[in-house]
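Beneath this line is the structure, given in structure tokens, with notes to follow.
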Amino acid sequence: MNSLLSIARQSAWNRRSTLLWVVISLALATALLWTLERLRHDIRSSFAQSVSGVDLIVGARSSPVQLMLFSVFHIGSVPQSMSMDSVRAVAQQRSVSWVVPLSLGDSHRGFPVLGTTPAFFEHFAYGDKQPLVLQQGVPFADTLDGLYEAVIGAEVARKMGYGLGQSITLGHGMHDHGHEHEHAQDDSSATADEHADKPFKVVGILAATGTPVDRSVQVSLKALEAIHLDWVAGTPMPGGQIPADQARKFNLEPEEVTAVLVGLKSRAAVFNVQRFVNFYEAEALMGVMPGVALGELWAVLAVGENALLAVSALVALVSVVSLMAVVLAGLNERRRELAVLRAVGAAPRHVLGLLTLEGVWVTCAGVLLGLLVAHLGMALSTTWLQQSLGIRLQMAAPLPTQWLLAGALVWAGLLASLGPAWRAYRLSLADGLSPRV
């Protein structure tokens, strides 16, 4: 057996110029499948770890996925608001430990602005219930004196070059003003739809979390009310501008918010509170469990995931078929070589084993090269994916499904080699030694 392995290895090496492209093809297919499976797992993990310790997300009745995407990931259209009376009614439930109201709809240079309370920094968690940490500064003060204070995420600070004390203005609406990558040190270039008359001061910078928090700006709910005092139906009132200092004299308690994050004293009470929210008579509300909403989201995205896996599988299939084609094409050139092996005592089963082992050698070489390429590519692109797309690739031990994919490729290479090997097995000794005319 050892001698057969050695012959198979040396035979494959002697034809390395022909088999090299087969190895490269298999390597690319392996790298694609391996990387895609890791990306699929880590994207799901990133989404699942974006919010932790929140038992319910409450908002106006709509789609659970829409409410989840907008309130946590700041993706999609602005849903209907819910009244603060409803927020207080939810907070007064005996099973409720805390509530964090959220108000969305504005932006800063393409980054979403989140109106909330200081409780957001106390209760919001990500990953394995990891709390938010301020890398610099302090949370905004929910007072009139600290009305125009803002806390920014790590990515906002990095991309915009902001530091503590930076003056920024907020834009009306969830859209990109085209300045996302400018390192502006002032807001003299504020566009017409920005609240340029009420600038904010950066008082805190959050440490990186790998979640949408990194790409958001947090201000108080009262601050959002202040900057919209002189706006009606999404446009500023003509001649009715209210100076920043004068805004403090108005009642800035919000009447509506976009959604509420709810934490319970016991997870066992989640269905009771959800039932209270869903059947709340004063307003049409909906309580969404983050895990359930994410499950629905992945059910929607499953078609795309399966399509990507199918394309990758087809690439792998083409690579395996190319291996079979190369081995079959080489049989005519190797007829005399195989006949000589038979003449010196090799049995037909040895020829069968030789060609099969050659195919396995080539397949294993391609798979191993593909694993190396995949890990090298992921190591080099981790930082870019984190900064550009917010996807954290975990350089951890391979997933069981990744090993299954690699094993499936090896088995596919083995099966692809059996066809040419069986044909060589059936060739007679005379057929290999007789000259072709």
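The sequence shown begins at 674 in the numbering used here and counts up one residue at a time. Built from N, CA and C at the ideal position, the CB exists for glycine as well. All of these numbers come straight from a predicted model, not from anything done at the bench.
CB-CB length for residue i against residue j, believed under 8 Å
{"i": "V745", "j": "S768", "result": "Not quite, the Cβ-Cβ distance comes to about 22 Å (not below 8 Å), so this is no contact."}
{"i": "D728", "j": "R940", "result": "6 Å"}
{"i": "T931", "j": "L820", "result": "Between L820 and T931 the Cβ distance is about 20 Å, and since that is not below 8 Å, they are no contact."}
{"i": "V876", "j": "F813", "result": "6 Å"}
{"i": "F923", "j": "L902", "result": "6 Å"}
{"i": "L894", "j": "T790", "result": "6 Å"}
{"i": "V786", "j": "L843", "result": "5 Å"}
Three-way DSSP call (helix, strand, coil) for residue i in this model
{"i": "E853", "result": "Caution applies to E853, whose pLDDT of 44 falls short of 50 and renders its modelled position unreliable; the value that the coordinates give is listed next. Residue state, collapsed to three classes: coil."}
{"i": "P927", "result": "coil"}
{"i": "P774", "result": "strand"}
{"i": "S780", "result": "strand"}
{"i": "Q839", "result": "coil"}
{"i": "M755", "result": "strand"}
{"i": "E956", "result": "coil"}
{"i": "I915", "result": "coil"}
{"i": "S985", "result": "helix"}
{"i": "L1091", "result": "helix"}
{"i": "I900", "result": "helix"}
{"i": "V961", "result": "strand"}
{"i": "G726", "result": "coil"}
{"i": "A764", "result": "helix"}
{"i": "A1079", "result": "helix"}
{"i": "A966", "result": "helix"}
{"i": "A1070", "result": "coil"}
{"i": "G732", "result": "strand"}
{"i": "L692", "result": "helix"}
{"i": "H747", "result": "coil"}
{"i": "R921", "result": "coil"}
{"i": "L709", "result": "helix"}
{"i": "P737", "result": "helix"}
Between the CA atoms of residue j and residue i - distance to the nearest angstrom
{"i": "V806", "j": "S735", "result": "32 Å"}
{"i": "V760", "j": "W1057", "result": "40 Å"}
{"i": "I730", "j": "Q914", "result": "36 Å"}
{"i": "T703", "j": "V993", "result": "11 Å"}
{"i": "V772", "j": "P927", "result": "15 Å"}
{"i": "S1090", "j": "L1049", "result": "29 Å"}
{"i": "S770", "j": "A957", "result": "23 Å"}
{"i": "S756", "j": "E929", "result": "4 Å"}
{"i": "I748", "j": "Y835", "result": "24 Å"}
{"i": "A983", "j": "A1047", "result": "19 Å"}
{"i": "L817", "j": "V824", "result": "16 Å"}
{"i": "W1084", "j": "D715", "result": "27 Å"}
{"i": "L1087", "j": "R711", "result": "25 Å"}
{"i": "L1045", "j": "A975", "result": "28 Å"}
{"i": "F797", "j": "M997", "result": "56 Å"}
{"i": "L879", "j": "S840", "result": "17 Å"}
{"i": "S718", "j": "A917", "result": "42 Å"}
{"i": "V933", "j": "G732", "result": "6 Å"}
{"i": "A857", "j": "F743", "result": "A caution first: A857 carries a pLDDT of 42, below 50, which makes its placement in the model too unreliable to give a value."}
{"i": "K832", "j": "E822", "result": "20 Å"}
{"i": "T1029", "j": "A1052", "result": "35 Å"}
{"i": "S995", "j": "V695", "result": "7 Å"}
{"i": "T1055", "j": "V751", "result": "32 Å"}
{"i": "V1035", "j": "L693", "result": "9 Å"}
{"i": "A1038", "j": "G977", "result": "31 Å"}
Of the listed residues the options, nearest to residue i (C-alpha basis)
{"i": "L709", "options": "P1071, H796, L981", "result": "L981"}
{"i": "P737", "options": "G964, A1085, P1073, W1084", "result": "G964"}
{"i": "N979", "options": "T703, R713, L701, A702", "result": "R713"}
{"i": "G788", "options": "E828, Q809, Y799, V890", "result": "V890"}
{"i": "H845", "options": "D779, G834, Y799", "result": "D779"}
{"i": "A989", "options": "D815, L692, L701, L1077", "result": "L701"}
{"i": "S754", "options": "A764, L742, L775, Q765", "result": "L775"}
{"i": "A827", "options": "L843, G838, Q808", "result": "Q808"}
{"i": "G655", "options": "V811, D918, G810, V829", "result": "There is no way to answer for residue 655, as the model of the chain reaches only from 674 to 1110."}
{"i": "S985", "options": "L693, L699, A972", "result": "L699"}
{"i": "F952", "options": "L705, G726, A762, L692", "result": "A762"}
{"i": "G968", "options": "A721, I697, V946, L692", "result": "A721"}
{"i": "L937", "options": "A1069, H901, Q766, G810", "result": "Q766"}
{"i": "A1081", "options": "W707, V695, I697, W694", "result": "W707"}
{"i": "A764", "options": "I900, Q947, A1069, T882", "result": "Q947"}
{"i": "V892", "options": "E867, H868, D815, L1072", "result": "D815"}
Cross-strand partners of residue i (DSSP beta bridge)
{"i": "G936", "result": "W771"}
{"i": "G877", "result": "G810, V824"}
{"i": "E795", "result": "Beta-bridge pairing links E795 to no other residue."}
{"i": "S893", "result": "T789"}
{"i": "P804", "result": "A798"}
{"i": "H845", "result": "D779"}
{"i": "E867", "result": "G844"}
Short CB-CB distance (under 8 Å) between residue i and chain D
{"i": "R711", "result": "Judged by its chain identifiers, the structure shown contains no chain D, having just a single protein chain."}
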